[in-house]
Amino acid sequence: MHLKSINNFFNKHRIFLITSHIEPDGDSIGCQLAMAIQLEKIKKIVFIINPEPVPKKYRFLHRWKNISTEKPEYNIIIDAAIFLDVGDTKRVSWLFDFVKEKNIPILNIDHHASNTQYGNINYVDTEASSTSECIFDIFKALGMTINKEICECIATGIITDTGRFSFKNTSDKTFRICAELACCGVDFYSLSNSIYNKRSFESIRLLSSVLSTIKVFERIAFVRLTQKMLKESGANEEDSEGFVNFVLSIGNIKAAVFFREKSNGEIRVSLRAKEENIDVNKIASFFAGGGHPRAAGFRSLKNMEELEKELLIEFQKIELHGKP
């Protein structure tokens, strides 16, 4: 899958820009750091620039401070860009415009079915559990040595994007890769503890407020997070990562919708499903978003009540006809 082209891309260029999507998660952070460390090992110059800062829960990774959110000087020299875990260029905000304006070639590595194939080289493996798994495959196929630090970054991406190996994207291959990572020295207990067992009191207080808003229609659960809740709890928006999965864990629920109000009035919508006949990627695509069949999202300027009604209709269409 374009491995020769990727190898040539690495060898041809010297100065790289690495980026990933808004609302960074464990996979986006992990795969970016893994790629940067690997490129630096082969004497490349690397800038990691993201549209939003690294969430606190991932700041245990040694080189997280290498990820900047500052716009580079316009006259900066960059030979090539690597977009990781980015299904659509809208997800990198101003960075795509910056790259295109300077005519910088793009290597697009991703695992989202909704990927728009925007790169000069596109490595999109929808069977992979995560983009971190894609990165592992590329490094191995190209005969690159993977050290413990790279392995920890890749493991972070896999653990988070598989929901600690509980999501349907977890495969036998995923476990084989993790066995290799463990042999390289990755302590999965310590890693999981750093990611999942460090919530703040403010985060738990916010979770309580969010769960108090739950409404269920036809086994589809809706919850919401408002700016008022954030202010009252003292939490940050990043503290809400994973909240939607609490809702999905309710026994008879088949899908969950999480509305998050941004300070500019925009609503970010996370969709999750646990039944085979509900493809939330198709629903998100209808609203100009995307993702995976069991986990997707989109953004909207409509209010939550209006979105709730529209989403119920689209869920019904998906179940009846397989498409919105």
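Taking the numbering used here, I'd label the letters of the sequence shown as residues 74 to 397. Glycine included, every Cβ here is placed at the ideal spot set by N, Cα and C.
Ends of the beta strand (DSSP E) at residue i?
| i | result |
| --- | --- |
| K144 | Premise fails: K144 is in no beta strand (DSSP E) and is neither H nor E. |
| S373 | A368 to S373 |
| T92 | I88 to T92 |
| K288 | K288 to F290 |
| A361 | Unbroken run through A361: none, as it is neither H nor E. |
| V342 | I340 to A346 |
| A107 | No beta strand (DSSP E) contains A107, which is instead part of the alpha helix (DSSP H) from G99 to K114. |
| I211 | Per DSSP, I211 belongs to no beta strand (DSSP E); it is in the alpha helix (DSSP H), T204 to A214. |
Would you call residue i buried or exposed, if buried means 16 or more other Cβ atoms sit within 10 Å of its Cβ?
| i | result |
| --- | --- |
| D170 | exposed |
| E314 | buried |
| E379 | exposed |
| Q111 | buried |
| S126 | A small fix is needed here, since residue 126 is Pro in this sequence, not Ser. P126 is exposed by the Cβ-count criterion. |
| D480 | With the chain represented from 74 up to 397, any question about residue 480 goes unanswered, as that position is not in the structure. |
| T199 | exposed |
| N220 | exposed |
| A252 | exposed |
Compare the Cα-Cα distances from residue i to each of the options and report the closest residue.
| i | options | result |
| --- | --- | --- |
| R278 | T247, F295, K301 and A294 | K301 |
| N176 | R249, N318, V330 and L90 | L90 |
| D161 | S93, L106 and I211 | S93 |
| S265 | T233, A154, A346 and F290 | T233 |
| V159 | D183, S276 and K213 | D183 |
| K116 | N84, A107 and K246 | N84 |
| T247 | A201, E275 and F274 | A201 |
| A228 | M217, S203 and T218 | S203 |
| N48 | K375, E381 and E349 | A query on residue 48 cannot be resolved here, the shown segment of the chain reaching from 74 to 397 and no further. |
May I have the straight-line CA-CA distance separating residue i from residue j, to the nearest angstrom?
| i | j | result |
| --- | --- | --- |
| K163 | V342 | 15 Å |
| D98 | R132 | 11 Å |
| L215 | Y262 | 29 Å |
| V165 | D100 | 15 Å |
| L157 | E392 | 32 Å |
| A399 | G362 | Outside the displayed range of the chain (74 to 397) lies residue 399, so it cannot be described from this structure. |
| P124 | I95 | 6 Å |
| F331 | N81 | 42 Å |
| V119 | E143 | 15 Å |
| P366 | I150 | 39 Å |
Leaving out the 5 sequence neighbours to the left and right, which residues in its chain are closer than 7 Å to residue i when beta-carbon positions are compared?
| i | result |
| --- | --- |
| S336 | Q300 |
Once the 5 residues before and after residue i are set aside, which same chain residues still bring their CB inside 6 Å of it?
| i | result |
| --- | --- |
| P128 | E311 |
| F38 | No information on residue 38 is available, as it lies outside the stretch 74 to 397 that the chain covers here. |
Short of 8 Å in beta carbon distance, which residues of its chain neighbour residue i, apart from the five on each side in sequence? Order them along the chain.
| i | result |
| --- | --- |
| I287 | A294, F295, V296 and V320 |
| I326 | V289, R292, I293, A294, V320 and K347 |
| E339 | R372, S373 and L374 |
Alpha helix (DSSP H) containing residue i: first to last residue?
| i | result |
| --- | --- |
| Y196 | First-last for Y196: I194 to V197, but that is the beta strand (DSSP E), not the alpha helix (DSSP H). |
| R249 | D245 to C256 |
| V172 | W167 to E174 |
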